[in-house]
Amino acid sequence: MIVFLLYVAIFAAAFGLYRVWERKRHHLHDFASLKTVTFGDESAVSPNRFASVISIIALFGIWGAFTGSAITPLHVPGPFVGDTSFTYTARNAAGETDDATVFMRVYRVGEDVPLPETSADQPGFAVDDALKIGAWRSALARPHENDIGGEDDGYSIIAIDGQPIAPDGTVRFSDGEVTMTSKGSLSIKPDKGWQMEPIWLPAPEAVVSRLVEIANDGYKNVSLWNHLGSSLGRVVAGFVIGSIIGIPLGYAMGLSNWFRGWFDPIVEFMRPVPPLALIPLIIIWFGIGEQGKVILLFLAALWIMTISARAGVSGVRISKVHAAYSLGASKWQILRHVIVPNSLPEIFTGARVAMGVCWGTVVAAELVAADRGAGMMIVNASKFQLTDIVILGIILIGIIGYGIDILMRMAEKWLVPWKGRG
Amino acid sequence: MGNLVIDDLSMRFDLPNGGSVQALKNVSLELAKGELLAVLGPSGCGKTTLLNIVAGFLAPTDGKVTLNGKTVTGPGPERGMVFQQGALFEWMNVRRNISFGPDMAGRPAAETRPVVENLLRTVGLQDFGDKMIYELSGGMQQRVALARCLANDPDVILMDEPLGALDALTREKMQGLVLKLWKETGKTIILITHSVEEALLLGERLLVMAPRPGRIHKEYNLPFAEMGVGRDLRLVKKEREFAERREEILGMIWDMEEEIMGRQEETA
């Protein structure tokens, strides 16, 4: 909630500052800037690149601020780390009271620290205690165990730093909270601050250093490139096989009544079935190996490519076909020189969708079962609470998915420049 | 010989509800080589059906079409077609569009190239040969369509409202181009149009068709096409006879439209 409010605040502040700065800037008199009506004119709206850059910086800034990262100068308060203490007052069976101190050393988990020292000179029946507590953790102190007469009936702790306490009561000391259990022990919780613990959300640089580590040493005896490459390889194999069968099938459905009638029920039935729903069946039939995954991706790509090829054929203007016939072209020439090139824009649209679906499906399939792959990497890491690897995997999956789409769009621009201009 | 004979053509479509539509009834017509016939009529008079039968895209229910003594049974390169718009191949540049017919016939590129260059000049696109179709304006695209048809050297050119989608100024220019090409190539041309003015300007012969059933209503032999060759077409339009004919034919088509509307009101 705090994070969300902070994000909204950054958004508003950046927007306001940008507006002020823009008003002072020399204006470009391009066509869009001279429009008097821009609200409601979709063509006058283009992504503001300043906003995109600030947005990304803000995301990393918030991430860094809430994880105590080295890349951001400002942090929200972190957990208490260091030495602290509180004094407790105990009453023994005889009704006398005495004070002693609990010394605590709060350290970052993973570091090796000694126990804090206590003074050797202990005048009364209450004896000082020493504790080590990991940051974000809590610890149970049993002051009565070393107090003289601490195990006797009638012994109890009655105050912390002068504040009275009873079983199940809670009081604050300088750097945290103490709760007395019903048995008279003290549960100590040093302040956690607002930062996230690395096992929930690691700092950005932790993810980067994990990337370097995995890139060099691999994960689960398989190199990072092998993990990502095998995911990509499955996608490409499934997509290519799906296209090789789906596109001619789509053409046949677009050109022949019989093919259309025969395959229509199959295609229309299979199209709305999400590929993820096929995973259990694929595992039963083909196991969890490479073959099953490629078949799953083949099925994911097949229907999309079939339907886009069919739409491409159906979308050809009859006047183009008539023109080609009256210019003396044969059926095969019309297929090759008119119908196929005319359907390419549709097929490319389908290919972009199919690649996106395949990429999503392969990750999901690897989450279920795989010996390597991006999805396997994150699901395996999540079992060991290696959150940095999980986040790293998600980022890499996103980057690759985005990269695939950019590549497809570039190929489309290059191969079918006439798209949308027919 | 060298002529197109349309012999007692009838066309009836069956409708899914059991009825039928008589699109053409007993249409007969003979065109000598080099004649330019304009076909005019209200919507639904079967003029496009007539053209599609001549082109070979439709088979008539009765009658036949013969070209140079051979009966038409399907589309063929001896009957070229120019469409209203969108019939060019936008994945090819202008040159490859024009050479499509010869290329499909397997004629060597060396033989086709001079023909294409010549046609580019004829239609005024000599600087646009390497442009893609989507880079051209509508008028230029129709110039390419005309050149593509001529590259195949057909005996008859069938034009289905080729200038229908153009703006008025471009249209006027293109009408001059059609006349010029007709005169220079001596092709037999059938031109379908909605515009009375265009039919009068371009049609050496003019066929007015009537709807339900589609039939020939009246035929004219006109002097304006000859007059217009190489001249400013606006001068032709100023002729008194031109204005009289226009009024006469407009009135004729008005009456037909009124009749259709009236009949629809009766049934409704």
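Protein sequences, first through last, are from chains H and G.
Quick note: the first sequence uses numbering that gives the first Met the number 0, first residue 0, plus one each step.
Quick note: the second sequence uses numbering that gives the first Met the number 0, first residue 0, plus one each step.
Glycine included, C-beta positions come from ideal geometry on N, C-alpha and C.
Taking C-alpha atoms, which residue in G:V38, G:A54, G:C44 lies nearest to R214 (chain G)?
-> G:C44
Comparing alpha-carbon positions, which option in G:Q125, G:A198, G:P15, G:K179 lies nearest E160 (chain G)?
-> G:A198
Contact between the segment 42-58 of chain G and the segment 69-84 of chain G: three or more CB pairs below 8 Å?
-> yes
Thinking G392 (chain H) and I377 (chain H) are a contact (beta carbons under 8 Å), I'd like their distance in whole angstroms, please.
-> 4 Å
Determine the contact status of M354 (chain H) and T305 (chain H), defining contact as a CB-CB distance below 8 Å.
-> no
Any idea what DSSP makes of G163 (chain G), helix, strand or coil?
-> coil
Keeping to the same chain, check which residues put their C-beta closer than 6 Å to that of G374 (chain H); ignore five residues upstream and five downstream.
-> V362, E365, L366, listed in sequence order.
Where does L39 (chain G) fall in DSSP's three states?
-> Secondary structure of L39 (chain G) (DSSP, three-state): strand.
Cα separation between G67 (chain H) and S208 (chain H)?
-> 15 Å
Jot down the residue ranges of each uninterrupted alpha helix (DSSP H) in the segment 184-227 of chain H, minimum 4 residues, whole runs only, in chain order.
-> 203-216
Relative to the C-alpha of K412 (chain H), which residue among G:L35, G:T192, G:W90 is closest?
-> G:W90
Counting only runs of 3+ residues fully inside the segment 39-114 of chain H, write out the beta strand (DSSP E) ranges in chain order.
-> 81-90, 96-106
For chain H, find out if any of its Cβ atoms is closer than 8 Å to the Cβ of F82 (chain G); answer yes or no.
-> yes
Boundaries of the alpha helix (DSSP H) in which I394 (chain H) is found, first to last residue | 386-414
Is the Cβ of A86 (chain G) closer than 8 Å to any Cβ of chain H?
-> True, the Cβ-Cβ gap to chain H drops below 8 Å.
Could you please give the first and the last residue of the uninterrupted alpha helix (DSSP H) stretch that includes M269 (chain H)?
-> 256-269
Integer Cβ distance of K319 (chain H) from V337 (chain H), believed to fall under 8 Å | 6 Å
Assuming Y87 (chain H) and I159 (chain H) form a contact by the criterion Cβ under 8 Å, report the distance between their Cβ atoms to the nearest whole angstrom.
-> 5 Å
Keeping to the same chain, check which residues put their C-beta closer than 6 Å to that of K34 (chain H); ignore five residues upstream and five downstream.
-> A43, listed in sequence order.
Hey, how far is the Cα of L414 (chain H) from the Cα of S230 (chain H)?
-> Each residue's Cα considered, the two are about 26 Å apart.
Out of curiosity, what's the CA-to-CA distance linking L180 (chain G) and L165 (chain G)?
-> Cα to Cα, L180 (chain G) sits roughly 19 Å from L165 (chain G).
In chain order, what residues of the same chain lie with their CB nearer than 7 Å to the CB of L73 (chain H), ignoring the 5 residues before and after it?
-> A64
Measure from the alpha carbon of P113 (chain G) to the alpha carbon of each residue in G:M103, G:G68, G:I97, then state which is nearest.
-> G:I97
Listed by chain order, chain H residues near M103 (chain G) by CB distance under 7 Å = Neighbours of M103 (chain G) on chain H, chain order: L326, G327, A328, Q332.
Per-residue DSSP class, three states only, for S136 (chain G) | coil
Segments of 4+ residues assigned as alpha helix (DSSP H) that fall wholly inside the segment 281-339 of chain H | 289-313, 317-325, 330-333
How would you list, in chain order, the residues of chain G whose beta-carbon sits under 9 Å from the beta-carbon of R22 (chain H)?
-> Simply none; closest approach about 40 Å.
For a contact meaning CB atoms closer than 8 Å, what does A410 (chain H) contact in chain G?
-> Within 8 Å Cβ-Cβ: nothing; A410 (chain H) doesn't reach chain G, min ~15 Å.
Using a beta-carbon distance cut-off of less than 7 Å, what residues from the segment 371-386 of chain H approach chain G?
-> none
Span of the alpha helix (DSSP H), counted from its first residue to its last, around A129 (chain H) = Careful: A129 (chain H) lies outside any alpha helix (DSSP H), inside the beta strand (DSSP E) at 128-133.
Are the segment 21-40 of chain G and the segment 199-208 of chain G touching, with three or more C-beta to C-beta distances below 8 Å?
-> yes
Alpha-carbon to alpha-carbon, G123 (chain G) and M0 (chain G) | No answer about M0 (chain G) holds up, because its pLDDT of 46 lies below 50 and its placement is not dependable.
G227 (chain G), buried or exposed, once every other Cβ within 10 Å from all chains shown has been counted against 16 = buried
Any beta-carbon of chain H closer than 8 Å to the one on A146 (chain G)?
-> At a cut-off of 8 Å between beta carbons, A146 (chain G) makes no contact with chain H.
Within chain G, partners of A322 (chain H) - CB distance below 7 Å = Neighbours of A322 (chain H) on chain G, chain order: M80, F82, A86.
Just the Cα atoms here: how many angstroms apart are S255 (chain H) and R78 (chain G)?
-> A straight line joining the alpha-carbon of S255 (chain H) with that of R78 (chain G) spans about 27 Å.
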